[in-house]
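Below: the structure, in structure tokens.
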Amino acid sequence: MTSLRLGAHLPWSRKSEFLNQILVLGLAPEVAFKGPDLDILEPSELDDLGRIVADKGLRPTVHAPFFDLNPGALDPLIRTATHQRLSQTFDAAARINAKVMVVHPGFDRWRYPNLDEVWTANACDFFMPYLAQAEAYDCRLALENIYEETPATLVALVDHLSSDYFGHCFDIGHWHLFAKLSL
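Under numbering that gives the first Met the number 0, the first residue of the sequence shown is numbered 0, with each subsequent residue one higher.
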């Protein structure tokens, strides 16, 4: 029987308020970054956080920024910005020894009507170079559903990339809000 490991969402900007409480409860923090957080990170802060969490026998999760970002975007400049933020997040994840990095895919049928195949191809190309990095850091990439009405684009990405370091993180709340299929 495997032991159940639970976590708690921890915005980077609020770590000084809530980290100790999360750790006292025996929860692994899911450190959530917003884009601008990544521009002002101090490596020593990340190293300290990683050490504190490891001393409790835990490995954190990292939640990548998602506002204005989209790995399958049709606009190459949006994908470039998304690459920059994901690379910065990977660097932070490595410093704190994160086991998983949660990424929002950015797909929704309203912004990409009848473009799911184009979006998926762009997203596959986007994520491919990160697979080796994920393996090197022993940090899995997990796509979290958000606006998807069906799992089709997520299934296509996970199947196409076919890596032990690339998978899905199911958000039941998002599913109930946006999905057109029942569980």
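From the three backbone atoms N, C-alpha and C, an ideal C-beta is built for every residue, glycine too.
Residue i to residue j span [Cα, whole Å]
i, j, result
"Pro204", "Phe125", "Nothing about residue 204 can be read from this structure; the chain reaches only from 0 to 182."
"Ser181", "Asn113", "22 Å"
"Met53", "Trp109", "For the sequence presented, residue 53 should be read as Ala rather than Met. Cα to Cα, the separation comes out at about 42 Å."
"Thr119", "Ala80", "18 Å"
"Leu176", "Lys55", "35 Å"
"Gln87", "Ala178", "31 Å"
"Asp158", "Leu57", "30 Å"
"Ser161", "Ala63", "21 Å"
"Asp47", "Phe17", "15 Å"
Residue i, buried or exposed, once every other Cβ within 10 Å from all chains shown has been counted against 16
i, result
"Arg13", "exposed"
"Met0", "Low per-residue confidence applies at Met0: pLDDT is 42, beneath 50, and the placement is therefore not dependable, though the value from the model is reported in the following sentence. That one is exposed."
"Leu9", "buried"
"Pro128", "exposed"
"His103", "buried"
"Arg4", "exposed"
"Gln20", "exposed"
"Leu24", "exposed"
"Val99", "buried"
"Gly172", "exposed"
"Gln85", "Before going further, note that residue 85 is Leu rather than Gln in the sequence given. By the neighbour-count rule (16 or more Cβ atoms within 10 Å), Leu85 is buried."
"Arg78", "buried"
Whole-angstrom C-beta distance between residue j and residue i, which should lie under 8 Å
i, j, result
"Val61", "Ala97", "4 Å"
"Leu45", "Ala7", "Rounded, the Cβ-Cβ distance is 18 Å, inconsistent with contact."
"Tyr146", "Phe89", "No, Tyr146 and Phe89 are not in contact; Cβ-Cβ is about 24 Å, not under 8 Å."
Own chain, CB closer than 7 Å to residue i, minus 5 neighbours either side, in chain order
i, result
"Trp11", "Val30, Ala31, Phe32 and Asp36"
"Tyr164", "Leu130, Ala133, Glu134, Arg139 and Leu140"
"Cys168", "Val101, Ala141, Leu142 and Glu143"
"Glu148", "Arg108, Phe177, Ala178 and Lys179"
Nearest neighbour of residue i, chosen from the options [CA to CA]
i, options, result
"Gln83", "Ala72, Glu16 and Leu68", "Leu68"
Nonlocal neighbours in the same chain, by C-beta distance under 8 Å from residue i, ignoring five residues either side
i, result
"Pro42", "Arg94"
"Asp170", "Glu143, Asn144 and Ile145"
Residues of its chain near residue i, where Cβ-Cβ distance is below 6 Å and the 5 sequence neighbours each way are ignored
i, result
"Tyr111", "Trp118"
"Phe65", "His103"
"Thr152", "Phe106, Asp115 and Thr119"
"Ala122", "Pro70, Gly71 and Leu156"
"Pro59", "Ala27, Pro28, Val30, Val52, Ile95 and Ala97"
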